[in-house]
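Enquirer: What follows is a structure written as structure tokens; I'll ask about it next.
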Amino acid sequence: QLDWGKRKVEEAGLEGKICLKYQDYRLAKGQYDKLVSIEMIEAVGQAFLPQYFQVLSDRLLPGGTAVLQGIICPDAYYDRYCKSSDFIKKYIFPGGHMPSIGAIKSALPNDLKIGEIKHIGRHYAATLDHWYR
448 QLDWGKRKVE EAGLEGKICL KYQDYRLAKG QYDKLVSIEM IEAVGQAFLP
498 QYFQVLSDRL LPGGTAVLQG IICPDAYYDR YCKSSDFIKK YIFPGGHMPS
548 IGAIKSALPN DLKIGEIKHI GRHYAATLDH WYR
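Heads up, the sequence shown is in our numbering, so the first residue is 448 and it goes up one at a time.
This is how it looks when you write it as structure tokens:
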């Protein structure tokens, strides 16, 4: 995915404006006007959500924007999800944790706000099919 992204940046002539990195979020240095985190939030774990969002806050320049893409659990099922095991926990993301919107809001530092939420779940089956191949 990183190589694909770098090719797209190069094809668009944006090498000097976009820097793609594959690294542990906890090791990130510097500040940026935009951050994108794809499918990372599920790997953070319930206990480390506040730390994750604090790192995002620390890495954003004032007025910056972070975009996260991840799988979330509906708030109505979150408590039960946290106490149980399911197919995704066992086979897709062992050790992973899907936070709910409520859990995310609770973990945000005061300077971070949710600006928009888009539900793109209908694309997930196709994504899993591509991963399988």
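Glycine is no exception: its CB is placed at the ideal position from the N, C-alpha and C atoms. As the structure is a computational prediction, the values presented were derived from the model and not from experiment.
Based on DSSP bridge pairs, tell me the residues matched to lysine 560.
Expert: Within the sequence shown, numbered from 1, the residue matching residue 560 stands at position 113. Answer is none; lysine 560 lacks a bridge partner.
Enquirer: With distances taken Cα to Cα, identify the nearest neighbour of tyrosine 524 among Ile548, Val514, Gly543, Leu508.
Expert: Within the sequence shown, residue 524 is the residue found at index 77, counting from 1. It is Ile548 whose Cα lies nearest to the Cα of tyrosine 524.
Enquirer: Using 8 angstroms as the threshold, is the C-beta distance between arginine 418 and valine 502 below it?
Expert: With the chain covering only 448 through 580, there is no way to say anything about residue 418.
Enquirer: Are the CB atoms of methionine 545 and isoleucine 519 nearer to each other than 8 angstroms?
Expert: Translated into the one-based positions of the sequence shown, residue 545 becomes position 98. Translated into the one-based positions of the sequence shown, residue 519 becomes position 72. For methionine 545 and isoleucine 519, yes; Cβs fall inside 8 angstroms.
Enquirer: DSSP state of serine 531, grouped into three classes?
Expert: Taking the first residue of the sequence shown as 1, we reach residue 531 at position 84. Coil, per DSSP.
Enquirer: Between which two residues does the alpha helix (DSSP H) holding proline 497 run?
Expert: In the sequence shown, counting from the first residue as 1, residue 497 sits at position 50. That run of the alpha helix (DSSP H) goes 496 to 506.
Enquirer: Going by other Cβ atoms of all chains shown within 10 Å of its Cβ, with 16 needed for buried, is tyrosine 469 buried or exposed?
Expert: Translated into the one-based positions of the sequence shown, residue 469 becomes position 22. Tyrosine 469 comes out exposed.
Enquirer: Which whole-angstrom value describes the C-beta separation of aspartate 526 and leucine 508, a residue pair presumed to lie in contact below a C-beta threshold of 8 angstroms?
Expert: Walking along the sequence shown from the start, residue 526 turns up at place 79. Walking along the sequence shown from the start, residue 508 turns up at place 61. With a Cβ gap of about 36 angstroms, aspartate 526 and leucine 508 do not count as contacting.
Enquirer: Mapping DSSP to helix, strand and coil, what is glycine 510?
Expert: Sequence index remark: in the sequence shown, residue 510 carries index 63 (1-based). Three-state DSSP puts glycine 510 in a strand.
Enquirer: Strictly by DSSP, which residues pair up with serine 484?
Expert: Locating residue 484 in the sequence shown gives position 37, where the first residue counts as 1. Bridge partners of serine 484: Leu515.
Enquirer: Need the endpoints of the alpha helix (DSSP H) that glutamate 458 sits in, please.
Expert: Counting from 1 along the sequence shown, the entry for residue 458 is found at position 11. Taken as a continuous stretch (DSSP letters only), the alpha helix (DSSP H) holding glutamate 458 covers 449 to 458.
Enquirer: Quick one: what does DSSP say tyrosine 524 is sitting in, helix, strand or coil?
Expert: By 1-based counting over the sequence shown, the position of residue 524 is 77. In this structure, tyrosine 524 counts as helix in the three-state DSSP scheme.
Enquirer: Tell me the residue span of the alpha helix (DSSP H) that contains histidine 577.
Expert: Against the sequence shown, residue 577 aligns to sequence position 130. From DSSP, the alpha helix (DSSP H) with histidine 577 extends over 571 to 579.
Enquirer: Find out if the Cβ-Cβ distance for the pair phenylalanine 500, alanine 554 is shorter than 8 angstroms.
Expert: Position 53 of the sequence shown, counted from the start, is the residue given in the question as residue 500. Position 107 of the sequence shown, counted from the start, is the residue given in the question as residue 554. Result yes, Cβ atoms of phenylalanine 500 and alanine 554 sit closer than 8 angstroms.
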